[in-house]
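Visitor:
Residue numbers (this note's numbering): 699 to 862.
(1) Count the other CB atoms within 10 Å of the CB of residue 699; is the residue buried (16 or more) or exposed (fewer)?
(2) Check for me: the alpha helix (DSSP H) holding residue 705 runs from which residue to which?
(3) Going by the beta-carbon positions, is the gap between residue 824 and residue 853 smaller than 8 Å?
(4) Taking only the alpha-carbon atoms, compute the straight-line gap between residue 775 and residue 723 and give it to the nearest angstrom.
(5) Tell me the DSSP secondary structure of residue 789 in three-state form.
(6) Out of 835, 857, 859, which one is the CA nearest neighbour of residue 742?
(7) Can you give the Cα-Cα distance for residue 826 and residue 773, rounded to whole angstroms?
(8) Here's the rule I'm using: 16 or more other beta-carbon atoms within 10 Å means buried, otherwise exposed. How should residue 830 be labelled?
(9) Opposite residue 778 in the DSSP bridges: which residues?
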């Protein structure tokens, strides 16, 4: 089995299970419109995350190029993948976790004995589950995302005659 090559973010939205259940009773066009609305919401958040990554160091700037939006019934943002980045053609999945979450140890060539006395850091310090640019952006906009998604879902349900 292959390892994980990307970070996928979804936002916790109040009432999402009930809403998606109600959408199963509506025509497929309603779900298509919900996918379009979710994608529009996620595009705005992804753009903000890319902007925030520009201020977090060279690896984060490289990873920002891999941030993209998936078309789903809820807003989904993905970062990473197998795209080759930087002058050494490192795969994005090799940079995304260090750029987003930091690392306290050294890895790769920087872990060699000759760099033991170096005071430089390869990554930002690890802060546990708190990220540097992607997760903080999504978390800071969670209420707005939930509000916009619920408003879009309500409008689509009304347009297609569903009850909510």
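Positions of the beta carbon are idealized from the N, C-alpha and C atoms, including for glycine.
This structure is a prediction, so every number in the text was calculated from the model and none was measured.
Guide: Considering the structure as presented:
(1) For the purposes of this step, residue 699 is taken as residue 1 along the chain shown, with counting starting at 1. Any reading at residue 699 is ruled out, since the residue's pLDDT is 41, under 50, leaving its predicted position unreliable.
(2) One-based indexing of the chain shown puts residue 705 at position 7. Unbroken run through residue 705 is the beta strand (DSSP E), 704-708; no alpha helix (DSSP H).
(3) By 1-based counting over the chain shown, the position of residue 824 is 126. By 1-based counting over the chain shown, the position of residue 853 is 155. Result no, Cβ atoms of residue 824 and residue 853 do not sit closer than 8 Å.
(4) Reading the chain shown from its first residue, position 77 is the one you call residue 775. Reading the chain shown from its first residue, position 25 is the one you call residue 723. Each residue's Cα considered, the two are about 27 Å apart.
(5) The sequence position of residue 789 within the chain shown is 91, counting from 1. Residue 789: strand per DSSP, three-state reduction.
(6) Here residue 742 is taken as the residue at index 44 of the chain shown, counted from 1. Nearest option by C-alpha distance: 835.
(7) Residue numbering aside, residue 826 sits at position 128 when the chain shown is read from its first letter. Residue numbering aside, residue 773 sits at position 75 when the chain shown is read from its first letter. So the two alpha carbons sit approximately 25 Å from each other.
(8) Taking the chain shown and counting its residues from 1, one reaches residue 830 at position 132. It is buried - the Cβ of residue 830 has at least 16 other Cβ atoms within 10 Å.
(9) As a first step, residue 778 must be located in the chain shown, where it is residue number 80. 704, per the DSSP bridge assignment.
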